[in-house]
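Trainee: Here the sequence shown is numbered in this note's numbering, starting from 6 and rising by one per residue. A virtual CB, placed ideally from N, CA and C, is assigned to each residue, including glycine. Model, not experiment: these values are computed from the prediction.
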Amino acid sequence: MLNTDSKAMSWAFIAMLSAVSLGGCGSGGSDSKQLDSNQQNNSNVDSNSGGTPNTQEKLTAEQGYEKLTSNLVDNVIIPTYQQVREQNLKLKMHTTQFCNNEQRDQNSLSQLQQAWQQTHLAWQQARTIKLGPIAETFHYSRIQFWPISANKLANDVESLMAEQVDLSGGVSAMKHQVQGLPAYEYIIYNSDVPLLEAVDFTRRCAYLGAITENIDTMIVNSIEAWEGDYGNNFKHGLGVFSSKKQALEKLLTIWFEYLEIIRDNKINGPLALEAPGKLELIESVLSQTSITNIKANVTALEKLYLGEQGFGFDDYLQQVNQREDTVTEIGLHFQAVYDGVDATQYKPMQTLITTSEGRAQLAMLATSIANLRSIMSSDFVQITGLAPGFNTNDGD
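1. With DSSP run on the structure shown, which of helix, strand or coil describes G336?
2. Note down, in chain order, each residue of its chain lying with its Cβ closer than 8 Å to the Cβ of F246, except the 5 sequence neighbours on either side.
3. Quick check on the burial criterion: 16 or more other C-beta atoms within 10 angstroms. Buried or exposed for Q366?
4. For A188, tell me which candidate among E202, P152 and S173 has the shortest Cα-Cα distance.
5. DSSP on I228, reduced to helix/strand/coil?
6. My assumption, with CB atoms under 8 Å, is that Q149 sits in contact with R132. Please give the rounded CB distance.
7. Please report the distance separating the alpha-carbon of D344 from that of S196.
8. Thinking C-beta only, is T124 closer than 8 Å to Q92?
9. Does DSSP put K72 in a helix, a strand or coil?
10. Which of the three DSSP states, helix, strand or coil, is assigned to V346?
11. Are P275 and I380 closer than 8 Å when you measure CB to CB?
12. Just checking, does the segment 112-129 make contact with the segment 156-173 on the three C-beta pairs under 8 Å criterion?
13. What's the C-alpha gap between T74 and Y310?
14. Excluding the 5 residues preceding and the 5 following A368 in the sequence, name in chain order all residues of the same chain whose CB lies nearer than 8 Å to its CB.
15. Please state the DSSP three-state secondary structure of N298.
16. For D330, does the count of other Cβ atoms within 10 angstroms reach 16, so buried, or fall short, so exposed?
17. What residue from D320, T356 and A215 has the CA that sits closest to L284's CA?
18. Whose C-alpha, out of Y212, T65 and F339, is nearest the C-alpha of G174?
19. Quick one: Cα of K271 to Cα of I193, how far?
20. Any idea what DSSP makes of V50, helix, strand or coil?
21. At what residues does the alpha helix (DSSP H) containing F246 begin and finish?
22. In chain order, what are the residue ranges of uninterrupted alpha helix (DSSP H) at least 4 long that sit wholly in the segment 131-213?
23. Using DSSP with H/G/I as helix, E/B as strand and the rest coil, what is D110?
24. Would the beta-carbon of R147 be found less than 7 Å away from any heavy atom of the ligand SAH?
25. If you reduce the DSSP assignment to three classes, tell me which class N105 lands in.
26. Quick one, are the C-beta atoms of M179 and R208 less than 8 Å apart?
27. So what does DSSP say about L96, is it helix, strand or coil?
28. Considering only residues of the same chain and omitting the five flanking positions on each side of D221, which have a CB-CB separation below 8 Å?
29. Helix, strand or coil for T360? Go by DSSP, reduced to three states.
30. I need the boundaries of the alpha helix (DSSP H) containing K240, first residue and last residue.
31. Return helix, strand or coil for V78, following the three-state DSSP convention.
32. In whole angstroms, give me the CA-to-CA distance for I134 and D269.
33. Just to confirm, are F261 and S373 a CB contact at a threshold of 8 Å?
34. Of the choices Q314, V325 and V332, whose alpha-carbon is the least far from that of E71?
35. Could you tell me the alpha carbon to alpha carbon distance between G390 and L370, rounded to whole angstroms?
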């Protein structure tokens, strides 16, 4: 059994990292739609959460679709993928520096772990957009194969290390679970085979480098597609999309699916029916960043809803449907989710699922997510006329 505690970061560091990396979280909306790195995580929600003055001219539905599709591609989706690439390139650089450093120690390993965390948090936002090439080419599961138990992953990675497979050609043809970020996490956090003490250190370093190369190739593929034909088709309702409305409905389907993944797989799965829960179902159990992952996921879903600084679904509600009241209510539900995340104090999931207080906090968080989903699947859908396909986890 893997030791998931000895190499873990402190809770305080997780909270700090979350605040630095996810400064746009928990905004709940504001007049200026400030979802940037300088924003406080828990700003107040006001009646103008969509950021659109009431004096703006009313738009038709088609005008709203055009503004939505264009802004989402250019100012949300592409930048989200670009952020993953930027962080992964930094991880690649840190990997090379760490592996070439003959004076490497626990401090330099911690720096490498921090670089992985930044890449993983960027990916946690991008993975909510399971649409287009990243889904059609299985890049999604190759960057992060999950759910998978820590022990299963350990066995697969250690088998790869023992087989002495040539890594010079990369890892793209190997099992999905050994290609991406969870495998990298295992190598740098595993306390059963500490990286600093590994007799096959050189091979493990080569493996880490191959993983970052593999991720870069896949992310570049998605960026180029969204900057090219796929993004253009999404904007104009062409190709695989019968209309701009249908493109938005497809994106909303993915949006709802991921909201349910957070609730069902990331929270209720490990929580189980009673203590001590199910350790094997925890995401990122070695790095103990499960709760930080959830905050990154919710941040990404809110960015899609708000359209970042541009025209979002909140603006559509106001300028097409004249329903600022619904915008305010949805903003309050987002804030309730952020409050639920913060209530956990970013403790390791394996700690939360074993205590009465932690289990109650997770249950409340799951409820807040269910409530957000409820208003989006009822009021939002009915008012906007946007009808996502509810072929999602709960069978709706």
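Mentor: By the coordinates alone:
1. helix
2. N238, F239, A252 and K255
3. buried
4. P152
5. helix
6. 6 Å
7. 33 Å
8. yes
9. helix
10. helix
11. no
12. no
13. 12 Å
14. L276
15. helix
16. exposed
17. T356
18. Y212
19. 22 Å
20. Confidence is the limiting factor: at V50 the pLDDT is only 37, short of 50, which leaves the residue's position unreliable and the question unanswerable from this model.
21. Where F246 is concerned, there is no enclosing alpha helix (DSSP H), given that its DSSP letter is neither H nor E.
22. 138-141, 144-148, 155-168 and 186-194
23. coil
24. No copy of the ligand SAH occurs in the structure displayed, which carries no ligand at all.
25. helix
26. no
27. helix
28. R90, N93, L94 and K97
29. coil
30. D234 to H241
31. helix
32. 18 Å
33. no
34. V325
35. 29 Å
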